[in-house]
Structures are given as structure tokens and as C-alpha cells.
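The next block holds one structure in the form of C-alpha cells; read it before the comments.
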Amino acid sequence: MPAIPTASAAAAANPIFVLGHRRQGLLPFPCYPSSSPHSTRLPARPRAAAMSAEARLPVAPPAHPTYDLRAVIDLALSEDAGDRGDVSCLATIPSDVKAEATFIAKENGVIAGISLADMIFNQVDPTLKVEWLENDGNYVHKGLQFGRVYGCARNIIVAERVVLNFMQRMSGIATMTKAMADAAHPACILETRKTAPGLRLIDKWAVLIGGGKNHRLGLFDMVMIKDNHISVAGGITNAMKSVDQFLAKENLTLPVEVETRTLQEVKDLLEYAAGNKTSLTRIMLDNMVVPLENGDVDVSMLKDAVQLINGRFETEASGNVTIDTVKRIGETGVTYISSGALTHSVKALDISLKIDTELALQVGRRTNRA
Numbered sequence: 180m181p182a183i184p185t186a187s188a189a190a191a192a193n194p195i196f197v198l199g200h201r202r203q204g205l206l207p208f209p210c211y212p213s214s215s216p217h218s219t220r221l222p223a224r225p226r227a228a229a230m231s232a233e234a235r236l237p238v239a240p241p242a243h244p245t246y247d248l249r250a251v252i253d254l255a256l257s258e259d260a261g262d263r264g265d266v267s268c269l270a271t272i273p274s275d276v277k278a279e280a281t282f283i284a285k286e287n288g289v290i291a292g293i294s295l296a297d298m299i300f301n302q303v304d305p306t307l308k309v310e311w312l313e314n315d316g317n318y319v320h321k322g323l324q325f326g327r328v329y330g331c332a333r334n335i336i337v338a339e340r341v342v343l344n345f346m347q348r349m350s351g352i353a354t355m356t357k358a359m360a361d362a363a364h365p366a367c368i369l370e371t372r373k374t375a376p377g378l379r380l381i382d383k384w385a386v387l388i389g390g391g392k393n394h395r396l397g398l399f400d401m402v403m404i405k406d407n408h409i410s411v412a413g414g415i416t417n418a419m420k421s422v423d424q425f426l427a428k429e430n431l432t433l434p435v436e437v438e439t440r441t442l443q444e445v446k447d448l449l450e451y452a453a454g455n456k457t458s459l460t461r462i463m464l465d466n467m468v469v470p471l472e473n474g475d476v477d478v479s480m481l482k483d484a485v486q487l488i489n490g491r492f493e494t495e496a497s498g499n500v501t502i503d504t505v506k507r508i509g510e511t512g513v514t515y516i517s518s519g520a521l522t523h524s525v526k527a528l529d530i531s532l533k534i535d536t537e538l539a540l541q542v543g544r545r546t547n548r549a
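Each residue of the sequence shown is one higher than the one before, counting from 180 in this note's numbering.
Quick look at the structure:
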């Protein structure tokens with residue numbers, strides 16, 4: 180599969196990353212010219228605050244060597260369309276009807292997925308016109324109308340649920356990430372690989388939109404020595420030594436993180452690093468945040484580990500990270516705080532896409548008269 184563009188290349192080529200195309204045979208709904216008897220002229224309304232796709236500056240998705248956003252969108256659309264297409268639209272909406280629909284936030288949160296929505300609408304029907312009143316990463320409040328889409332009514336409805344499914348999940352992730360990132364400061368908040376299968380790039384994109392940073396994308400872009408590697412290798416020193424030898428042999432330069440669970444493992448790792456040329460870049464301090472019965476946490480072991488490392492390597496706190504504990508953890512001096520809950524336990528942000536009721540009534544009356 181073709182790789183998605185890198186952030187810089189994609190931004191230079193197209194600020195909304197519209198990589199999509201209309202897939203032959205997927206959408207049975209061509210929208211006929213506006214001179215058709217059932218077409219409806221969109222009512223004039225002020226649009227001064229709207230931002231065109233070209234005017235917005237999006238947060239770029241993480242660069243990945245094999246992941247293809249177009250294929251993910253195609254799969255989602257095909258999952259809905261099956262082998263017949265949208266039989267509800269075929270039965271109720273003439274193919275030449277045009278409509279206007281508005282995005283509405285149903286609760287407060289950080290909006291995410293606007294750039295992806297542009298890609299989906301473009302892939303469903305390149306003639307649809309989309310305008311946004313907010314950017315990815317903006318805070319929206321309940322009841323806010325933050326975007327509009329115009330064009331073939333059938334194709335708007337075909338795209339509707341796929342767009343909302345992605346946007347609601349991404350916005351939920353971005354909302355939680357924003358809250359965690361603000362509380363964790365000056366530490367940076369990271370997600371993990373605990374993402375929805377097949378949607379990792381999209382989940383991690385939402386984290387960036389929410390103000391977090393990405394941990395490794397997969398198994399290929401970072402050496403991460405965890406407890407099972409250490410157990411099989413016969414200890415943390417053996418595992419680190421093996422990694423250094425492997426990278427040297429393969430002539431690879433990759434970031435290297437090692438998971439430590441005790442202060443002794445931290446000391447052993449630092450002793451190895453002091454006496455050897457090593458590729459070690461980050462030390463994970465796993466489960467060194469201890470929950471207390473009163474709901475607070477004991478971060479003393481985490482503080483001790485950070486002091487032992489003393490800035491020689493990046494540090495990452497992991498385990499028992501919640502919105503209630505992350506501030507205490509961030510105050511220990513760790514570089515990063517990782518939380519799987521950002522993506523594995525996300526609560527979607529409620530968003531709706533509503534077709535203009537007055538416009539729909541006009542269409543219905545004209546269709547019935549015809």
C-alpha cells in the first residue's frame with residue numbers, strides 16, 4: 180500500500196491531506212445538475228466566519244511507511260454500502276435532490292477529525308462543498324454549529340455515519356488528551372499501542388490534535404525492551420547489551436527504551452550505560468506510582484528513580500495514570516507520562532449532522548407535487 184505523506188510533505192502539497200478519490204462502483208448516487216426539477220437552491224446565509232479547507236492549517240497525521248488512510252476510509256464506506264448501497268436513500272430521496280447539513284456539538288469537548296472528514300466527503304463525492312467554523316483542536320461547547328456540508332443529499336447521508344464515527348472517537352481521544360496534557364505539564368503526555376485494531380494512526384492523530392505526543396507507532400520504529408524481553412534475555416543488562424550489538428550489526432539508528440520495575444533495575448541499567456557505548460535513549464519507570472487507600476498515590480519511588488537518572492536519559496512514567504493522578508506524576512520531573520486509557524477506554528464525544536429541516540420540507544413538497 181502507498182505510504183501516507185510525511186507531515187511536512189503533506190502540508191506543503193495539500194493542507195487538508197485530501198488523498199481520497201471516488202472509488203468506482205462503491206457509490207450508486209450520481210448527483211444530477213442543479214437544473215433538475217427536484218433540485219433545491221441552497222438558501223443564502225452569512226458565511227463570513229467560515230474557513231475554507233485551503234485556509235485551515237491542520238495537525239498532520241503521524242507519518243507511517245505502510246498505513247493508507249484512503250484504504251481505511253474505503254473499508255469503512257464499503258462496510259456500510261455492502262453490495263447494494265444505501266437502500267434507504269434509494270427508496271426515499273430522489274437522486275437529483277441537493278441539501279445542506281450542519282455539524283452540531285452535542286456536548287463540550289475538543290473537536291478532532293475535521294481533516295479526516297474532508298477526506299471522507301471528498302472520497303464519497305468530490306462535488307460536495309464543506310465549510311468549517313472551527314479547526315481541529317478547538318474547544319467546542321454543547322449546541323455549537325461548527326461546520327456545514329452542501330451538495331447531493333444522498334451522498335451527504337452516505338458519508339454521514341462514517342464521518343461521525345471517526346470524528347466522535349477522535350474528538351473523545353482529543354478531549355481526554357487535552358485534559359491529561361494540561362494536568363501533566365511540564366511532562367508530556369503519550370498514548371500507547373493500546374489502540375483500536377486498524378485505526379492506530381487515526382487514534383494517534385487524535386492524540387496529537389489534543390496536545391499530546393506520540394509514542395512509537397508500532398514494532399518497527401523503536402526498540403522497546405519490556406518485561407518479557409528482559410525475562411527471556413536473562414536480565415536487564417543482558418537485554419540492553421543484546422540490543423546494542425544488534426543495532427551495531429544491522430547499522431540501525433533507532434530510539435531505545437527499556438522498562439524498569441524497581442530501583443535496582445534502574446541502577447543496573449545506569450551502571451551498564453556508564454561502562455559501555457550504548458544506544459539507550461529513554462528509561463520507562465513502570466508501576467512506580469503506588470495507589471493509596473485514600474485514592475491518592477505515592478510517587479516517592481518515581482521521584483527517587485528520576486533523581487538517580489539525573490537527566491542522563493529521558494524518563495517515562497507508566498502505570499496507574501489517571502486524570503486524578505497525572506498532576507502528581509508530572510510534578511516528579513519525568514519527561515513523559517504514558518497512558519493507555521487515552522485510546523483503549525475512550526468515551527466518544529457526541530456530535531450530530533443535521534440536514535436543514537426547512538430546506539428538506541421544501542424538497543418534499545416539490546417532490547410530491549411532481
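No residue lacks a Cβ here, since even glycine has one placed at the ideal position from N, Cα and C.
Cβ neighbours of arginine 379 in the same chain (closer than 8 Å, five flanking residues each side left out): These residues qualify, in order along the chain: Tyr246, Arg372, Leu396, Gly397.
If glutamine 324 sits next to phenylalanine 282, beta carbons under 8 Å apart, how far is it from one beta carbon to the other, in whole angstroms? The Cβ separation is near 7 Å, so the contact holds.
According to DSSP, what are the bridge partners of leucine 464? DSSP lists Thr439, Ala496 as partners of leucine 464.
Near alanine 427, what residues of its chain come up, given a Cβ to Cβ distance below 6 Å and the 5 sequence neighbours on each side ignored? Same-chain partners within the cutoff: there are none.
Taking DSSP as the reference, what is the three-state secondary structure of aspartate 477? Aspartate 477 falls in the strand class under three-state DSSP.
Relative to the C-alpha of tryptophan 311, which candidate in Arg327, Gly322, Val319, Asn407 has its C-alpha closest? Considering only alpha carbons, the answer is Arg327.
Quick one: measure Cβ to Cβ for threonine 493 and leucine 464, integer angstroms, because I've assumed they're closer than 8 Å. For the record, residue 493 in the displayed sequence is glutamate; it is not threonine. The pair is not a contact, with the Cβ atoms about 11 Å apart (cut-off 8 Å).
Counting C-beta neighbours from all protein chains within 10 Å, is the total for valine 411 16 or more, i.e. buried, or is it exposed? Counting Cβ neighbours within 10 Å, valine 411 comes out exposed, since fewer than 16 surround it.
Decide if threonine 511 is buried, meaning its Cβ has at least 16 other Cβ atoms within 10 Å, or exposed. Buried.
What three-state label does DSSP hand methionine 403 in the structure shown? In the three-state reduction of the DSSP assignment, methionine 403 falls in the strand class, which pools E and B.
Mind pulling the alpha helix (DSSP H) runs of 4 or more residues that sit fully within the segment 354-411? With a minimum length of 4 residues, the continuous alpha helix (DSSP H) runs that stay inside the segment 354-411 are 379-388.
Measure the C-alpha to C-alpha separation of threonine 514 and glutamate 436 and round it to an integer number of angstroms. Spanning the two alpha carbons is a distance of roughly 13 Å.
When the Cα atoms are used, what is the spatial distance from phenylalanine 208 to valine 251? Low local confidence applies: a pLDDT of 49 at phenylalanine 208 is under 50, so the model's placement there is unreliable, with the coordinate-based value given in what follows. Pairing phenylalanine 208 with valine 251, the inter-Cα distance amounts to about 21 Å.
Do three or more CB pairs link the segment 338-345 to the segment 526-533 at distances below 8 Å? With a cut-off of 8 Å on Cβ pairs, the segment 338-345 is in contact with the segment 526-533, counting three or more such pairs.
In the structure shown, what three-state DSSP assignment does leucine 487 receive? It is helical.
Alpha carbon to alpha carbon, how far is valine 469 from glutamine 443? Straight through space, the alpha carbons of glutamine 443 and valine 469 are spaced by roughly 17 Å.
Could you have a look at lysine 308 and say whether DSSP puts it in helix, strand or coil? In the structure shown, lysine 308 adopts extended strand secondary structure according to DSSP, grouped into three states.
Applying the 10 Å Cβ sphere with the 16-neighbour rule, what's the burial state of proline 244? Counting of Cβ neighbours within 10 angstroms places proline 244 among the exposed residues, the total staying below 16.
For leucine 448, does the count of other Cβ atoms within 10 angstroms reach 16, so buried, or fall short, so exposed? With 16 or more other Cβ atoms within 10 Å, it is buried.
Per DSSP, proline 470 forms a beta bridge with which residues? Val476, per the DSSP bridge assignment.
What do you get for histidine 394, buried or exposed, if any count of 16 or more other CB atoms within 10 angstroms of its CB means buried? The C-beta of histidine 394 has 16 or more other C-beta atoms within 10 Å across all chains shown, which makes the residue buried.
Option in His364, Asn499, Ile508 with minimal Cα separation from alanine 484: Of the residues His364, Asn499, Ile508, the one whose Cα lies closest to the Cα of alanine 484 is Ile508.
Buried or exposed for threonine 504, going by 16 or more other Cβ atoms inside 10 Å? By the neighbour-count rule (16 or more Cβ atoms within 10 Å), threonine 504 is buried.
With 16 as the cutoff for other CB atoms within 10 Å, does aspartate 275 come out buried or exposed? Buried, by the Cβ-count rule.
Rounded to a whole number of angstroms, what is the C-alpha to C-alpha distance between alanine 278 and isoleucine 335? Distance between the alpha carbons of alanine 278 and isoleucine 335 is about 8 Å.
Rounded distance between the beta-carbons of alanine 338 and valine 289, thought under 8 Å: That pair is no contact at about 22 Å.
Pick helix, strand or coil for serine 267, following the three-state DSSP scheme. Collapsing the DSSP output to three states places serine 267 in a helix.
Exposure of glutamate 429, with buried meaning 16 or more beta-carbon neighbours within 10 Å: Sixteen is the threshold: since fewer than 16 other Cβ atoms of the shown chains lie within 10 Å of the Cβ of glutamate 429, the residue is exposed.
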